[in-house]
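With the UniProt record's numbering, the residue at position 195 of the sequence shown is 195, and numbering never jumps. C-beta atoms are modelled at their ideal positions from N, C-alpha and C, and glycine is treated no differently. Working notes for the structure below.
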Amino acid sequence: MTTTALVVDDEVDLCRLMQITLTKMGIKSDVAYTLSQARTFWQDNDYDFCLTDLKLPDGSGLELVKEISNSSNIPIAVITAHGSMDLAIEALKLGAFDFVNKPLELPRLRQLVENALKVIHQDNEVQAAPECSPEQKMLDSRLIGNSAVMHPLKNTILKLARSQAPVFLSGASGTGKEVVARLIHDLSPRRDGSFVPVNCGAIPSELMESEFFGHKKGSFTGAVADKQGLFQQANGGTLFLDEVADLPLAMQVKLLRAIQEKTVRAIGDTKEVPVDIRILSATHKDLSQLVQDGAFRQDLYYRINVIELKLPTLNTRRDDIPVLADHFLAMIADDWQLESPPSLTMEACERLQRHDFAGNVRELRNLLERAVTLADTSYIDVSHLGLPDIEPELINTQEQNHSSAIDSSEPPARNVENQIDVQSTAQSTKDDEQVIQSSNMATPVEQRAINLHPYRTNTNHYPSMVQHSSASNGSSSTNVASTYDKESVLDSADQQESAQETSKDISGLQELFDGQLPPQGLEHYLQEQEKQLIITALKQTGWNKTQAAELLGTTFRSLRYRMKKLEISEDASD
Ligand SMILES: Nc1ncnc2c1ncn2[C@@H]1O[C@H](COP(=O)(O)OP(=O)(O)OP(=O)(O)O)[C@@H](O)[C@H]1O
C-alpha cells in the first residue's frame, strides 16, 4: 500500500522540493499552504505522515501538532526556522515525532522521513497482530513487572520509542533507568544504529572532550592516532548520558552546543561533522535542584529534559517482587549453568516483599545471587536471604504505617509539565494490601550494606568498560564503542589487566605484625586473603573447582560465586 503524507508550508518552492523528495521515497503527498487548508485535508483523508511548518499565515503549526497527536497515532514532524529551538522543543512536548530546521537540508529531511516510515511500518505490524507485537514481547521480557504502576510505564515507553525527543530518566539508583534507556533505543526506528551508554561521572575531566568528540592524531601529547568520539559512535543511534548530573560545568557548555548544532568537531580538527543522534539521559540525583544550585546549566537541562520519565522505586511496586525474583533466579541459573533455577519458598518470598529495598531492583538481584550461593539446594528459604528477622509486633506496626512509609520514602512529586510520573498515573491499590517495612524500622544501614555486597566494597560503579555495539552497516571498526559504564562486565583487556592486578595484589599481600592494621582497610584485606586462599586451593587441584571447593570446605556453587565476585578468572591459572 502506498504511504501518503500531508505537507504544510506557505513557501511554494519549498513544498515542491519536499514533494519531490517524498515522491522519490515512494510517498504520495498533498500540499496545504495554510492551517485551515491543512485541517480540511486532514479531515477528508487518511494520511500516514504529516510534515508541517510552524509559522503559517493563519496560525501556528503547533495547533496542528496538538490536534493530530491528540486524535491519531501518525507521526507528525515540524519544520522550524533556524535557531528557534524553543519552538521545536514545544512541538516535541506536544507530541511531534521530530523536527527539521530551515534552510532545509535534503539528507536530514530524508533521514527524518525514513525514521517516520519505520514507525509507520511498526504500527502496521502492531495493527496486524495487536496481542503479540514483537515490541510488546521485547518490553515484557526485559522490563519485568506487571504491577499497576508498570502498565502506564510500559505504554509510555512504547510511545517514547516512536519519538525522537530527548528523554530524561529520573528515579532512585537501581530502579532500571538504563534498562529503560536501552529499551527505548531497541524499540525505536534507530535500533539498527548503536546504543552508546556513557557514565558521565566516570570520565576524567581532562579526557572528556576527546571522549565525547574525538581527536586527531598529534593534537596533544599521547594522541597517537585519530580517535572517534562517542557522538560519532552513536551516529544514527542513541547516546545515553548516564549520571548526567556529574558532568563538569565546562563540559556542559560544549555538550549543549553539540546537541543544539547537531555537529561535532574533534580536537585538532578544523571541520565540523554532522551527527544524527538521539539523546537519552539519566541520573538518580535531583537535577532541577542542581540547576537551582547553579551546579547544572539551565539551558542544557531544558534541552535534555524535553520529556521526563520517572521510574518507580521497588518499594512502591512490591507486587512485582515475586516475578522479578523468578526472572533473576532464571538468569542466575543460566549464568552459572545450574541444571534448573532454584525457587523461593513462600516464606522467603513473603520476607522479600517486606524488605525495604533502598537499592531497588539491583539490590534484589544482588540479594538473590548471594542467596543462591548460600542455599546449595534447589530452593531458597528465609535463612538464605541473610535478612534480619522481623518481630511480629513490628510487622503489625508496619502494616499500620504502610502508606506513610511509602510517601516518606519518595521525594515529593514536582509539578513539572513534561514529567511522566507513572506512580501518579496508576493507583497501586494492591500495594496497600501488602505488608511493608517502614524505612525507620528496617535493617541498620551498615548491616544492609554488608548483606548486599559481602565480598567487595564497590560492586556497582566500575569506572570504565568497552562496549561493542553493532550498527546496521556492519563495519566493525566504527562499531566499537569505547564507552563508560557501571556494570561489572569487563572486556578481555580489562580482564587480563585485572588478572595481572590480582596476582600482583596476592604476591604483595603482607603478613601483618601484632597490632598492625591493614593499611587499605579490613574489607580489602579480607578480600585479598580470600582470593589468595581460593587461588592456592585451585592451584593445588590443578584448577579443578569441585576438588578446590572440597579442600576449602565449601560448595562448588559457592566457590564459583566467590571466584566471580573476586574476579578470579580461569586465565589466572597460567
Ligand atoms: N524492571 C526490571 N526488570 C528486569 N531487570 C531490572 C528491572 N529494573 C532493573 N533491573 C535490573 O536491575 C539492575 C539495575 O538496573 P539499572 O542499571 O537499569 O538501574 P539504574 O536506575 O540505571 O541505576 P543507577 O542509577 O545506579 O545507574 C540491572 O541489573 C537491571 O538489569
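- Phenylalanine 97: not part of any beta strand (DSSP E); DSSP gives it neither H nor E.
- Within the chosen limit of 7 Å, ligand 1 reaches the beta carbon of leucine 324 through at least one heavy atom.
- With at least 16 other beta carbons inside 10 angstroms of its own, proline 312 counts as buried.
- In the structure shown, the three-state DSSP call for histidine 284 is coil.
- Closest option to glutamine 260, judged by alpha-carbon separation, among Tyr33, Gln527, Ile76 and Phe231: Phe231.
- In this structure, the CA atom of proline 322 is about 28 Å from the CA atom of methionine 563.
- Around the C-beta of threonine 40, fewer than 16 other C-beta atoms lie within 10 Å, and the residue is accordingly described as exposed.
- The secondary-structure analysis by DSSP pairs threonine 156 with nothing; it has no beta-bridge partner.
- Distance from the CA atom of glycine 237 to the CA atom of leucine 309, rounded to whole angstroms, is 20 Å.
- Classified as buried, aspartate 48 has 16 or more neighbouring CB atoms from the shown chains inside 10 Å of its CB.
- In the three-state reduction of the DSSP assignment, serine 29 falls in the strand class.
- In the DSSP assignment, alanine 295 falls outside any alpha helix (DSSP H), carrying neither H nor E.
- Between asparagine 360 and the set Ile534, Trp42 and Lys177, the nearest pair of CA atoms involves Lys177.
- Taking 7 Å as the cut-off, the C-beta of lysine 254 does not count as close to any heavy atom of ligand 1.
- Counting only runs of 4+ residues, the alpha helix (DSSP H) found wholly inside the stretch 249 to 283 occupies 249 to 261, in chain order.
- Shown here for leucine 106: same chain residues with a beta carbon closer than 7 Å to its own, the five before and five after excluded, namely Thr21 in chain order.
- Distance from the C-beta of glycine 176 to the nearest heavy atom of ligand 1 is below 7 Å.
- Cβ-Cβ distances below 6 Å link aspartate 30 to Leu6 and Phe41 in the same chain, with the five nearest sequence neighbours on each side left out; the list follows chain order.
- Shown here for leucine 533: same chain residues with a beta carbon closer than 8 Å to its own, the five before and five after excluded, namely Leu552 in chain order.
- Counting along the chain, aspartate 242 sits inside the beta strand (DSSP E) bounded by residues 238 to 242.
- For leucine 62, the CB contacts under 7 Å within the same chain, skipping 5 residues up- and downstream, are Leu54, Glu90, Ala91 and Leu94 in chain order.
- Residue Leu300 holds the alpha-carbon nearest to the alpha-carbon of methionine 251 among Leu287, Leu300 and Asp293.
- About 16 Å separates the CB atoms of alanine 81 and aspartate 98; that is not less than 8 Å, and the two are not in contact.
- Note that the stretch 374 to 393 touches the stretch 342 to 353; at least 3 beta-carbon pairs, one per stretch, sit closer than 8 Å.
- If you check the CB distance, serine 281 and glutamine 233 do not come in under 8 Å.
- The alpha-carbon of aspartate 326 is positioned some 12 Å away from that of aspartate 334.
- Taking C-beta atoms under 8 Å as the contact rule, phenylalanine 212 and glycine 201 fail to qualify, at a distance of about 14 Å.
- In the DSSP annotation of this structure, the continuous segment of the beta strand (DSSP E) that includes cysteine 50 starts and ends at 49 to 53.
- The beta carbons of leucine 187 and glutamate 135 sit closer together than 8 Å.
- Between proline 189 and valine 119, the C-beta spacing is below 8 Å.
- Distance from serine 205 to proline 248 at the Cβ level is roughly 5 Å; contact confirmed, criterion being Cβ atoms closer than 8 Å.
- A distance below 7 Å between beta-carbons, with the five flanking residues on each side excluded, links alanine 537 to the following residues of its chain, in chain order: Ala548, Leu551 and Leu552.
- Nearest in C-alpha terms to proline 274, of all of Arg108, Asp44 and Glu530, is Arg108.
- Under DSSP, no beta-bridge partner is assigned to phenylalanine 328.
- In this structure, isoleucine 144 has its beta carbon less than 7 Å from a heavy atom of ligand 1.
- A buried status is given to glutamine 164, since no fewer than 16 other beta-carbon atoms sit within 10 Å of its beta-carbon.
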